[in-house]
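Comments concern the structure below.
Residue numbers (the working numbering): 78 to 207.
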């Protein structure tokens, strides 16, 4: 449990533990994390799938090229460098990039109210006209 908690804390905001309800939420996240069965074959399969995924061709061709996309990334993400989000936003012709300063990999935990406002604003700007 301690290792799972340390792993999860790397992806959460620095002040996560001081937030109301943090201990209860962390216990639920650790339980969920520990309930997932992991195997070497599963890890190998995930890595192989990542190697086959070509973001560039998916974003620059076909129907994906016309879909509005909000790329959200925390600038303190220790799992995926923020440059990956910037790269995706550059390649997707109808995209907006939202880099959340101070946010990690679980960016929606960083500032949930303002993040929700940002996502809602994007959706309103790109709502299909009827």
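C-beta: ideal position from N, C-alpha, C; glycine also.
Integer-rounded CB distance, given that residue j should sit under 8 Å from residue i
| i | j | result |
| --- | --- | --- |
| residue 174 | residue 151 | That belief does not hold up - the Cβ atoms of residue 174 and residue 151 are roughly 12 Å apart, past 8 Å. |
| residue 171 | residue 200 | The pair is not a contact, with the Cβ atoms about 13 Å apart (cut-off 8 Å). |
| residue 158 | residue 181 | Not confirmed; about 12 Å, so no contact. |
| residue 103 | residue 183 | About 12 Å; that fails the 8 Å criterion. |
| residue 90 | residue 179 | 7 Å |
Buried/exposed call for residue i, threshold 16 Cβ in 10 Å
| i | result |
| --- | --- |
| residue 198 | exposed |
| residue 185 | exposed |
| residue 106 | buried |
| residue 207 | The pLDDT assigned to residue 207 is 49, lower than 50, so where the model puts this residue is not dependable; a value taken from the coordinates is nonetheless given after this. When all chains shown are included, residue 207 counts as exposed. |
| residue 148 | buried |
Three-state class that DSSP yields for residue i in the structure shown
| i | result |
| --- | --- |
| residue 159 | helix |
| residue 101 | helix |
| residue 186 | helix |
| residue 207 | The pLDDT assigned to residue 207 is 49, lower than 50, so where the model puts this residue is not dependable, and the model offers no usable value. |
| residue 96 | coil |
| residue 86 | helix |
| residue 121 | helix |
| residue 165 | helix |
DSSP bridge partner residues for residue i (one or two, in chain order)
| i | result |
| --- | --- |
| residue 150 | 176 |
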